[in-house]
Amino acid sequence: MKSFSNIAKGMVALIFVAAILLLSDIDNRTGNKNGNHKSSSHKIFKMCIIHFVDSPNSEDCEQGVRDYLKDIGWLESKDFTLNVFKAQGDISALNSIAGTVTSQSWDMIIGCSTPTIQALAKKKTSSPIVFTNVGDPLIAGMGKSFSDHVAGITGISTMSDFEGMIDLVSRLQPEVKRIGTVYAPAEINSVAYKEALEKAARKKGIELVCAPASTTSEINDAAMSITARGVGAFCQISDNLTGSCVTSIIKAAEKGGIPLYGFVTKLKDQGAMAIVARDYHQAGYDAGSMIKMVLDGKSPGEIPFRLVSKTIYQVNTTITDKYKVRIPNGLSENIKLTK
Amino acid sequence: MTLLLGSITIGLILAMLALGIFISFRIFDFPDITAEGSFTFGAAISAALIIAGVNPLLATLTSFIGGAMAGTVTGILHTRFKINSLLSGILVMTALYSVNLHTMGRSNLPLLSETTIFTWFDKLAVKLSGEGKLTMVLGWEVPAKDLWTLFFCLILIVLVSLLLWWFFRTRLGTAMRATGDNAQMIRALGVNTKMMIIAGVALSNGFIAVAGSLLAQYQGFADVQMGIGMLVWGLASVIIGEALISENSLGLVITGAVIGSVLFRLLVAIALRWGMNPIDLKLITALFVLLALILPGFMKNTKKIRLTSK
Numbered sequence: 034m035k036s037f038s039n040i041a042k043g044m045v046a047l048i049f050v051a052a053i054l055l056l057s058d059i060d061n062r063t064g065n066k067n068g069n070h071k072s073s074s075h076k077i078f079k080m081c082i083i084h085f086v087d088s089p090n091s092e093d094c095e096q097g098v099r100d101y102l103k104d105i106g107w108l109e110s111k112d113f114t115l116n117v118f119k120a121q122g123d124i125s126a127l128n129s130i131a132g133t134v135t136s137q138s139w140d141m142i143i144g145c146s147t148p149t150i151q152a153l154a155k156k157k158t159s160s161p162i163v164f165t166n167v168g169d170p171l172i173a174g175m176g177k178s179f180s181d182h183v184a185g186i187t188g189i190s191t192m193s194d195f196e197g198m199i200d201l202v203s204r205l206q207p208e209v210k211r212i213g214t215v216y217a218p219a220e221i222n223s224v225a226y227k228e229a230l231e232k233a234a235r236k237k238g239i240e241l242v243c244a245p246a247s248t249t250s251e252i253n254d255a256a257m258s259i260t261a262r263g264v265g266a267f268c269q270i271s272d273n274l275t276g277s278c279v280t281s282i283i284k285a286a287e288k289g290g291i292p293l294y295g296f297v298t299k300l301k302d303q304g305a306m307a308i309v310a311r312d313y314h315q316a317g318y319d320a321g322s323m324i325k326m327v328l329d330g331k332s333p334g335e336i337p338f339r340l341v342s343k344t345i346y347q348v349n350t351t352i353t354d355k356y357k358v359r360i361p362n363g364l365s366e367n368i369k370l371t372k
Numbered sequence: 045m046t047l048l049l050g051s052i053t054i055g056l057i058l059a060m061l062a063l064g065i066f067i068s069f070r071i072f073d074f075p076d077i078t079a080e081g082s083f084t085f086g087a088a089i090s091a092a093l094i095i096a097g098v099n100p101l102l103a104t105l106t107s108f109i110g111g112a113m114a115g116t117v118t119g120i121l122h123t124r125f126k127i128n129s130l131l132s133g134i135l136v137m138t139a140l141y142s143v144n145l146h147t148m149g150r151s152n153l154p155l156l157s158e159t160t161i162f163t164w165f166d167k168l169a170v171k172l173s174g175e176g177k178l179t180m181v182l183g184w185e186v187p188a189k190d191l192w193t194l195f196f197c198l199i200l201i202v203l204v205s206l207l208l209w210w211f212f213r214t215r216l217g218t219a220m221r222a223t224g225d226n227a228q229m230i231r232a233l234g235v236n237t238k239m240m241i242i243a244g245v246a247l248s249n250g251f252i253a254v255a256g257s258l259l260a261q262y263q264g265f266a267d268v269q270m271g272i273g274m275l276v277w278g279l280a281s282v283i284i285g286e287a288l289i290s291e292n293s294l295g296l297v298i299t300g301a302v303i304g305s306v307l308f309r310l311l312v313a314i315a316l317r318w319g320m321n322p323i324d325l326k327l328i329t330a331l332f333v334l335l336a337l338i339l340p341g342f343m344k345n346t347k348k349i350r351l352t353s354k
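Here the protein sequences line up with chains A and B, keeping their order. Whatever position you read off the first sequence (first residue = 1), add 33 for my numbering. Whatever position you read off the second sequence (first residue = 1), add 44 for my numbering.
As C-alpha cells, this is what we get:
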C-alpha cells in the first residue's frame, strides 16, 4: 500500500503543477477569447519574435522590423506589442519556446534564424508566421521553391552574395589565390554558405581553405589554423556560431597579417577591410513589409519568399592602407569607401 | 491547454531518456556522458533512414541498436582499457559528434513532409475522431489529434516501463542490479561484472537513442546540436522522481523517473509561460534540480523532528 501512496504523491504533484500551468493559460480559454476581441475598437496587433541566439545579425533583424513598423506610423503598445523570446542557442529551450508560443494565439509570429523556423513549422498553429535571417529556406524544408512553399509561413531569405564577394576580392587583391573561412558544421546554413562560397571562388580560380568549429571556444584555433595555411584573405561567412564571436577571427586574421572580408554590416566597425553584406537590418525591414501584408489580410501561403532587397558594398581605406592594398580605379563608382 | 498537452507529450518522450540515464547512473552507478552523443545519434539514424524511405518503426528500432553500440564502446573503453568512466563517456560523446554529422550528411535534416511514427499517430487519430475535430477539455478547445498523440505516447512509455521492470527482475537483470550495488559480492557468485557493465551501458544508451529518435520525429527535424544539455535534463528528471516517490523499490523508481520527466517539462513550461526572461531559463532549470535535491532531505528532517517531539 505504501507504494500506492508514494505514486499518489507524485501524481498529486503532477496535477498541481499542471493546474498552475492551466491557470496561467486561462486567457486562451475559448470562453474568454471572444470578449477580448470585441472590447477594443482599435486593434492592437499581438506579435512576438523568437531568436535562436543573440547575434548582431538577429539584433539587426529585430531592429529592422521595429523600424519598418515605426516608419508606417505604428507605435509599440499602442498599435502593436512585440514580445521577444531568445533560446540562447539551446534546441530544447527553443522547442519549449516554440511550444509555448504556438499554444497561444498571436496576430503574428516572427521567426528569426533557421532552427527557429524549423521548430515553429512543425507545431500546429493558426497564427501566421513570417521569418527572417534564414539563409536558405528551401534547405530548411520550408518548401519546393520560393513561390511554392508551406502554407502559413513566408519570409525573407538572407543568402549572402558570394559572387559579389569573390568579385570584390579579385579586384582588390588580384594576386590572392587562396581565401579562408571558419564555418560551423553543426549549422545547415553555415555548410550551405561554405559550399556556395567555394563554388563561387572556384569559378575565379580561387581556392577556399576552411576550418570547422563546433563551439565558440574552438573558433580561435580554427582561425589560427587558417592563417597558418597561407591564405591571402579571410572571407568570413556569416552563421550563428561565428556571428556571435567574430572578433576572435578578426584578431587571428590581424595577427597573421591577413585582411578580412565580411558578409555582415556590423563587421565594418570591427576591423573588416571590406564587406559585401546582405543588410540584416534590411532583412528585418523587408520582413516588416511582409508582416504588414499579412496583417492586412493576405495569407502567408500566397506571399512568395524573397531575398533581402539590399546589398551593401563597403571598403575601409584605413585598413586597405594598413595591408598596402591598392584600390583600383573605378572601384568607388559602385562601392562605398569609408575610413 | 495546447501548451500543457505539448509539454506532457515531450515529457513522456523524454521519459525514455530519463529511463536510460536511470539505468547507467542509478543501477550501475556509472556516470555516463555518452548520453549527449547517443541522443543525437538516435535522432540522426532514424532521420536519415526515414528520409531514405525506411519504415519509421524500423528506423526507431535501428536507432536503439545504434545507441546500444555507442554504449558498448563506452563500456569496453571503461572495463577493458581501464579508462575512467567519465573520460570514456567523454571520448565516445566527442567522437559521436563527427559520426552524427556523417550519418546525417549535414547538420540538420528536416522531416516535415516525411512519414514518421507521429504521422501514423495523427492518421490513427483522424480515423478515431475525425479530421480537424476540436474537443473541449475543461473549457479549452483542443485538437483531438493532440489528445490522441499524448495518449499514444503514454501507452508507449507505460509499455516500455513495464518491459524494463520485467527485465530487471529476470536473472540477468538481477545480476545487473547487483553489479551496481555490490560488485565484489556478485563477482564472488561467478558473474562477469565487466560484461554486465558493458551490457548495462549499452541498454542505457539504446533507450537514450530511442528518446532522441522520437523527439526528432515529434519536432520534425534532427539537428546535430539537439543532444546538448540532455544529460542534465534526464538526470534532473530521475532526481526529481526519486525525491518525490522513492529510491527503494525498482517499480517505484521507474515510475518516478517517468513522472519526474513530465513534471520537469511542466515546470519549464510554467517558467516560460509566465514570461520569465529566457536568459534566466538555465538558472531556473538549475534551481529546480537544486530544489529536488535538497527538498527530500529537508522533508525527512522535519518528519524526524515531528516524531521526536511526540
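Virtual Cβ for every residue (Gly too), placed ideally from N, Cα, C.
- The secondary-structure analysis by DSSP pairs A/K119 across a beta bridge with A/H84.
- For the beta strand (DSSP E) assignment, the uninterrupted runs of no fewer than 3 residues enclosed by the segment 183-240 of chain A are, from N- to C-terminal side, 186-190, 211-216.
- Between the beta-carbon of B/L198 and that of B/L56 there is about 6 Å, and that keeps the pair under the 8 Å contact cut.
- A check of alpha carbon separations from A/N349 across A/M323, A/K343, A/D302 identifies A/D302 as the nearest.
- Taking C-beta atoms under 8 Å as the contact rule, A/I150 and A/V167 qualify, at a distance of about 6 Å.
- For the pair of segments examined, the segment 91-110 of chain A was found not to touch the segment 40-50 of chain A: the number of CB pairs separated by less than 8 Å stays below three.
- The contact set of A/V50 on chain B, defined by CB atoms closer than 8 Å, consists of L307, L310, L311, I314 in chain order.
- The residues T193, Q261, Y262, in chain order, have a CB closer than 8 Å to that of B/F162 in the same chain once the five nearest residues on each side in sequence are set aside.
- Check the Cα spacing between A/M80 and each of A/Q269, A/K325, A/G363, A/I270: the tightest is with A/K325.
- By the criterion of a C-beta distance shorter than 7 Å, A/T147 is surrounded in its chain by V167, G168, A173, I221, N222, once the five residues flanking it on both sides are discounted.
- Inter-segment contact for the segment 84-104 of chain A and the segment 85-97 of chain B is absent: fewer than three beta-carbon pairs are separated by less than 8 Å.
- Separation of A/P292 and A/F267 (C-alpha to C-alpha, rounded to the nearest whole angstrom) is 6 Å.
- Each residue's CA atom was taken as its position, placing A/P361 and A/D312 some 25 Å apart.
- The Cβ-Cβ distance between A/G97 and A/Y346 does not fall below 8 Å.
- Going by C-alpha positions, B/K171 is about 46 Å away from B/I134.
- Using a CB distance cut-off of 8 Å, B/F196 does not count as an interface residue toward chain A.
- Counting C-beta pairs closer than 8 Å gives three or more between the segment 206-226 of chain B and the segment 67-74 of chain B, which meets the contact rule.
- Annotation: A/S36 to B/A301 spans about 15 Å, alpha carbon to alpha carbon.
- A residue is called buried when at least 16 other Cβ atoms come within 10 angstroms of its Cβ; A/G238 does not meet this threshold and is exposed.
- Secondary structure in the segment 129-160 of chain B: the beta strand (DSSP E) runs of 3 residues or longer, each lying completely within the stretch, are 152-154 in chain order.
- Taking the C-beta atoms as reference points, B/W277 is found no nearer than 8 Å to A/S129.
- Listed in chain order, the positions of the segment 139-150 of chain A with a beta carbon within less than 9 Å of a beta carbon of chain B are T147, P148.
- Shown here, B/F308 sits in a helix according to DSSP, grouped into three states.
- Taken atom to atom, the span from the alpha-carbon of A/V86 to that of A/F118 is near 10 Å.
- For A/R99, the three-state secondary structure derived from DSSP is helix.
- Boundaries of the beta strand (DSSP E) around A/L370: 369-371.
- Between B/R213 and the set B/L311, B/G264, B/A103, B/S293, the nearest pair of CA atoms involves B/S293.
- Fewer than three Cβ pairs drawn from the segment 233-251 of chain A and the segment 177-188 of chain A lie within less than 8 Å of each other, which leaves the two stretches out of contact.
- Minimum Cα-Cα distance from B/S132 among the listed residues B/M148, B/Y141, B/G115 corresponds to B/G115.
- Residues of the same chain with a CB within less than 8 Å of the CB of A/T344, apart from the 5 flanking positions on each side, are D194, G197, V309, A310, R311, D312 in chain order.
- The C-alpha of A/G43 is placed about 11 Å away from the C-alpha of B/V306.
- Taking 9 Å as the Cβ-Cβ cut-off, the segment 194-222 of chain B has no residue approaching chain A.
- Secondary structure of A/C94 (DSSP, three-state): helix.
- Annotated three-state conformation of A/R311 is strand, per DSSP.
- In the DSSP annotation of this structure, B/I289 is not part of any beta strand (DSSP E), being labelled neither H nor E.
- Between A/L54 and chain B, the shortest Cβ-Cβ separation is below 8 Å.
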